[in-house]
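Undergrad:
2 protein chains.
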Amino acid sequence: MKIGKDGLYEDLKRRILTMELDPDTDLDEAGLCEQYGLSRTPVRETFRRLAGEGYVEIRENRGTRVSPMSHASLRQFFLVAPMVYAAIGRLAVQNFKPRQLGELGETQERFRAATEARDPMAMVIENNRFHEIIGEMSWNAYLRPSLGRLLIDHARIGHTFFRPRDAEMERRLRLSVEHHDGFITAIAGHDEETVVDLVFDHWELSRENMELFVAPQGLKADALVEAGRGSERTS
Amino acid sequence: MKIGKDGLYEDLKRRILTMELDPDTDLDEAGLCEQYGLSRTPVRETFRRLAGEGYVEIRENRGTRVSPMSHASLRQFFLVAPMVYAAIGRLAVQNFKPRQLGELGETQERFRAATEARDPMAMVIENNRFHEIIGEMSWNAYLRPSLGRLLIDHARIGHTFFRPRDAEMERRLRLSVEHHDGFITAIAGHDEETVVDLVFDHWELSRENMELFVAPQGLKADALVEAGRGSERTS
DNA sequence: CACGGGCTGATTGCATCCACGATGAATACG
DNA sequence: CGTATTCATCGTGGATGCAATCAGCCCGTG
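So the sequence lines, in the order shown, correspond to chains U and F.
Following my numbering, the numbering of the first sequence begins with 1 at its first residue and continues without gaps.
Following my numbering, the numbering of the second sequence begins with 1001 at its first residue and continues without gaps.
#1: State the Cα-Cα distance for the pair Ala1141 of chain F and Val80 of chain U, rounded to the nearest angstrom.
#2: Drop a sphere of 10 angstroms on the beta-carbon of Asp1011 of chain F, count the other beta-carbons inside from all chains shown, and report buried for 16 or more, exposed for fewer.
#3: Can you name the residues of chain U whose CB is closer than 9 Å to the CB of Asn1128 of chain F?
#4: To the nearest angstrom, report how far apart Phe200 of chain U and Ala86 of chain U are at their CA atoms.
#5: Can you confirm whether Ala1092 of chain F, when its beta carbon is compared against all beta carbons of chain U, has any partner nearer than 9 Å?
#6: Measuring CB to CB, does Arg1065 of chain F end up less than 9 Å from Glu45 of chain U?
#7: Go ahead and pull the three-state DSSP assignment for Gly1228 of chain F.
#8: What separation, rounded to the nearest whole angstrom, lies between the Cα atoms of Phe1047 of chain F and Asp166 of chain U?
#9: Only counting the same chain, and skipping five residues up and downstream in sequence, which positions put a Cβ closer than 6 Å to that of His202 of chain U?
#10: Please confirm whether Ser206 of chain U has its beta-carbon closer than 9 Å to some beta-carbon of chain F.
#11: Helix, strand or coil, according to DSSP, for Glu1057 of chain F in the structure here?
#12: Apart from the five residues just before and just after Arg149 of chain U, which ones in its own chain have a Cβ nearer than 7 Å to its Cβ?
#13: Using a Cβ-Cβ cut-off of 8 Å (strictly less than) and excluding sequence neighbours within five positions of Glu1103 of chain F, which residues of its own chain qualify?
#14: Go ahead and pull the three-state DSSP assignment for Asp11 of chain U.
#15: Taking 9 Å as the threshold (C-beta atoms), are Met1210 of chain F and Phe1161 of chain F in contact?
#16: Show which residues of chain F have a CB atom less than 7 Å away from the CB atom of Val80 of chain U.
#17: Are the C-beta atoms of Ser176 of chain U and some chain F residue less than 9 Å apart?
#18: So what does DSSP say about Arg1062 of chain F, is it helix, strand or coil?
#19: Compute the distance between the beta-carbons of Ala1092 of chain F and Ile1187 of chain F, then report whether it is under 9 Å.
#20: Could you pull the DSSP bridge partners for Asp1026 of chain F from this structure?
#21: Which whole-angstrom value describes the C-beta separation of Ile1184 of chain F and Gly1089 of chain F, a residue pair presumed to lie in contact below a C-beta threshold of 8 Å?
#22: I'd like the span of the alpha helix (DSSP H) that includes Pro1120 of chain F, first residue to last.
#23: Output the boundary residues of the alpha helix (DSSP H) element that contains His1154 of chain F.
#24: Let me see if you follow: with CB-CB separation under 9 Å, is Met1242 of chain F close to chain U or not?
#25: Give me the chain U residues within the contact set of Gly1158 of chain F, using Cβ-Cβ distance strictly less than 7 Å, ordered along the chain.
#26: Quick one: is Phe1068 of chain F buried, meaning 16 or more other Cβ sit within 10 Å of its Cβ, or exposed?
#27: Would Gln108 of chain U pass as an interface residue toward chain F - the criterion being a Cβ-Cβ separation below 9 Å?
#28: Does chain F have any CB closer than 9 Å to the CB of Thr41 of chain U?
#29: Hey, Val177 of chain U and Arg112 of chain U: beta-carbon distance below 9 Å or not?
#30: Any chance the CB of Arg110 of chain U is under 8 Å from a heavy atom of the ligand COA?
#31: So Leu17 of chain U packs on Ala155 of chain U, CB below 8 Å; how close in whole Å?
#32: Would you identify the three-state DSSP class for Ile3 of chain U, choosing helix, strand or coil?
#33: Looking at chain F, which residues of the segment 29-61 of chain U have a Cβ within less than 8 Å of any of its Cβ atoms?
#34: Suppose the cutoff is 7 Å on Cβ atoms and the five residues either side in sequence are ignored; what does the same chain contact list for Pro1003 of chain F look like?
#35: Between Glu57 of chain U and Ala51 of chain U, how many whole angstroms is the CB-CB distance? I'm expecting something under 8 Å.
#36: Are the beta-carbon atoms of Val1084 of chain F and Leu143 of chain U separated by less than 9 Å?
Right, dumping it as structure tokens:
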């Protein structure tokens, strides 16, 4: 674990994206002060910053907690994500700087390494970073805030994507890696239409997985009652 | 001028939207503490909050300043604004709550009163609030951050819209008020297509005005040199 | 005369202290 | 025995003092 203010910021982001910190988890201000060797002031400022970016929410006199993921907001997520992703993709092709293409490639290599190492945490982070960089390439300060919000919940809803349970999920994961390669090639070639097509393919891939997560595979009605009394959470 | 933390927050937003505080203006932390009867801690937290919403930017060890408006970002503004506005409009029709419709009506009445009173400041604020409410009606936490950013610069770029200089601009302003009435009627009737049409009409109206602001009417090349040495600002 | 180094004032960031409000438990009352 | 009220404790918001960093200025040097 890193120390200092930036370490706290990065760690909290990582832990929220990887669901190490579940939605609605209360953050212990005093505890984090101690762990990162900070006083409460910089910790509170980090909370404000994360709140501005949508990672947490601050309730007056009632502390800071990880942003919730309600059923209602999930529907809104599926409605706008493809639109924003496609727009960001187009703008990225139009506006990217060569230097960013290199950064994208490096991130993709780390992502590929994470998949080969079967490291779900690293996969989540590198995949998220990959799409963040595409956002940066768009150089659009107006659309990026929404992209950021979407990527947070995309990582959280789709985290099971990176924990393949069967051959089919393995195949999808490999396909996802190939998509990323395709993004890099298409962006480098200023091929806007191919990027948009890839955006939708890539979206469809993770959308199907996320729907499984939101509405899990058809268990028999009594399966949970039999096996896990009291362990499941009511949403 | 209000006092307290909320007063500071509201006032800064208002002063930034109305261009009372120009882009790139440094904010005086100590001065604001004194004016609003606060210590530096809550002032700094307000800065963080405003930074998260896109009103200001904080540079490490170099203070807080009003968010800049560069030429490059302006182009990005024109590219994505219609898309986001239209999407928000659709979602608002689908998801609004009756209570919000009342709030929208009240804001529209204040906006109308401001136009009749020829009060540009109030017009900017109420117009901005009107579109914020439509954003709230969408109940889409993913798209609203971008809407917020767009509305900030929409108010700043288009502030001349509310200072009509000739009969044509007066006409446009009246048309704008009528558009708002149209929004209320169409949203109340769940008429999604009419709302989207209105969004584009409304957008076109202010777009034309904003383009005049960005690329002002064709002065003769020597006009500024003759008349206003040193008084014009370089953007 | 131009340029670089060092100093000083001002401003920001961080730590600590204090006050207020919320939460939970114990007790008194119905 | 159940419920409401009070009180104690904890945690958050705000104020203040101190340290670090940055900007501007002066002076020395080439």
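Glycine included, each C-beta is placed from N, C-alpha and C at the ideal position.
These figures come from a predicted structure and were not determined experimentally.
TA: Quick look at the numbers:
#1: 10 Å
#2: buried
#3: Per Cβ cutoff of 9 Å: no residues; Asn1128 of chain F is ~15 Å from chain U at best.
#4: 7 Å
#5: no
#6: no
#7: Since pLDDT at Gly1228 of chain F reaches only 39, below the 50 mark, its modelled position is unreliable, and no value is offered.
#8: 49 Å
#9: His179
#10: no
#11: strand
#12: Gly54
#13: Ile1133
#14: helix
#15: yes
#16: Ala1087, Asn1140, Tyr1142 and Leu1143
#17: no
#18: coil
#19: yes
#20: F:Arg1065
#21: Contact flag wrong, Cβ pair sits at about 12 Å.
#22: Pro1120 to Ser1138
#23: Arg1144 to Ile1157
#24: Residue 1242 of chain F is absent from the structure shown; chain F starts at 1001 and stops at 1235.
#25: In chain order: nothing, as chain U lies at least about 15 Å away.
#26: First, the amino acid is wrong: residue 1068 of chain F is Pro here, not Phe. It counts as exposed.
#27: no
#28: yes
#29: yes
#30: Ligands displayed in this structure: none; no statement on the ligand COA is therefore possible.
#31: 4 Å
#32: coil
#33: Thr41, Arg44, Glu45, Arg48, Arg49, Ala51, Gly52, Glu53 and Gly54
#34: Before going further, note that residue 1003 of chain F is Ile rather than Pro in the sequence given. Cβ within range, chain order: Tyr1036 and Gly1037.
#35: 6 Å
#36: yes
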